[in-house]
Structures are given as structure tokens and as C-alpha cells.
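Plus 27 on top of the position in the sequence shown (first one is 1) and you've got the working numbering. Report on the following structure.
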Amino acid sequence: MKKLFVLLCLSLFAVGYSQDDKQTDYPKNEMKINALFLVAGALEVSYERILNEESAFGASLLLPIDDDIDTKLMFTPYYRYYFGKKPAAGFFAEGFGMLNNYESYKYNTIGNESRTTNRTDFALGFGLGAKWITKKGFIFEINGGVGRNLFNSTDTDYEIVGRGGITFGYRFN
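Structure follows, in C-alpha cells:
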């Protein structure tokens, strides 16, 4: 009986000691800025909330700085699924919606006149990209995607919309 008790105690100790040391506590918020659009004359900032190690939900807001840009506003919520080994990092695929406001030009061939109107539309699309993160929480990301405006784009050149960038950011609690 004594040997059975010692064997039982040792087996419980072995089971209790062999637990996995998987990291589950990591920062779940990110703020990013798109350096590619900043050089082109627009400011795009993004916030991303990590749901679990493989997925995240975020939103980005683009505002033009330069007057030559036709897009006046883009608000883009997105969902990402990550395939990397680190939490919410590595290669990813995303689905996004995009509320966009842009200037549309209509040309009259008879009088060589043009008319400008502001239009608002909503697009759905998908994208691909990759994200790298340092141990201190700094982020570098490259992404690209394509979508289609759903409502007011049949008589303009803005039927297809693009999404992309080279972003830098920081992950925090």
C-alpha cells in the first residue's frame, strides 16, 4: 500500500510539472502610421485590436494632406487572420470594408468643360500582407488589397479601389 501511495504521488507530480509554458499574455493593441501614404501626401493612421494569436480586428482612417489627391476620406475597418508563429504576426489575409469619399470629374466633350462632384461609396475587398514585430513591440508591415465600390461607381472611374501601404507602429497593452 505504501508503494502504491508513493507511485501515485510521483505520477501526480510528473503530470503537474509537464505543463506547457506557452505564452498567452501579450500586448493586444497596436497603433500604426502608413509611411507610404505620408510620402504621397495623405495621412493614414490605424488601430488594431488582437482578438487571439491568429486573428485581429482593426480600422484605418485616411485624410489627405495634399490638395491634388482626389480621395477626401477613407475609413476602412478590417479583419485579419495571421499564419505566423508569433501572436498576430507573419503572413496574413484580410477582408475589409471601405467607406470612401472622393471627387468625381465629368467631362463635356462639346464645350471642353469639366464638372466636379463629391461622391461617397462603400467597397468590400480582400488583401494580403506580412507583419514583423520586435521583442520591444515595434511593428513593420507591408500590405496590399483590392476592393469594389458597390453603389455610386457605375458612371465614374472609381469602381475598383486599392488598399496598401508600408506601415510602422507599436504594440502595447
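By construction, the Cβ of each residue, glycine as well, lies at the ideal position given by its N, Cα and C atoms. Note that the coordinates shown come from a computational prediction; the quantities given were computed from them, not determined experimentally.
> Taking Cβ to Cβ, would you say Leu-4 is nearer than 9 Å to Ala-120?
Replying inline: The structure shown has nothing for residue 4, since the chain only spans 28 to 200.
> In terms of residue numbering, what span does the beta strand (DSSP E) encompassing Phe-64 cover?
Replying inline: Judged by DSSP secondary structure, Phe-64 falls outside any beta strand (DSSP E) and instead within the alpha helix (DSSP H) spanning 62–67.
> In chain order, what residues of the same chain have a beta carbon less than 7 Å from the beta carbon of Leu-78, not counting five sequence neighbours either side?
Replying inline: Taken in chain order, the residues that qualify are Phe-84.
> Going by C-alpha distance, which of Val-173, Ser-180, Tyr-105, Arg-198 is nearest Val-188?
Replying inline: That would be Val-173, whose Cα lies nearest to the Cα of Val-188.
> Going by DSSP, which residues form a beta bridge with Ser-73?
Replying inline: For Ser-73, which the question treats as bridged, DSSP gives the partners Lys-59, Ser-87.
> Which residues in the same chain as Pro-114 place their Cβ atom closer than 6 Å to its Cβ, once the five residues preceding and following it in sequence are excluded?
Replying inline: Within the same chain, Pro-114 has close Cβ partners Tyr-53, Glu-80.
> For Phe-153, does the three-state DSSP call read helix, strand or coil?
Replying inline: If DSSP states are grouped into helix, strand and coil, Phe-153 belongs with the strands.
> Candidates Lys-163, Leu-90, Asp-97: which alpha carbon is nearest Asn-61's?
Replying inline: Measuring from the Cα of Asn-61, the nearest candidate turns out to be Leu-90.
>> Quick test of your reading: Ala-69 and Ile-96, contact by CB under 8 Å. State the CB separation rounded to the nearest angstrom.
In response: In this structure, Ala-69 and Ile-96 form a Cβ contact; the two beta carbons are roughly 6 Å apart against a cut-off of 8 Å.
>> Let me confirm a value: Asn-170 is counted as buried when at least 16 other C-beta atoms fall within 10 Å, else exposed. Which label applies?
In response: Residue burial annotation: Asn-170 is buried, with at least 16 other C-beta atoms found within 10 angstroms of its C-beta.
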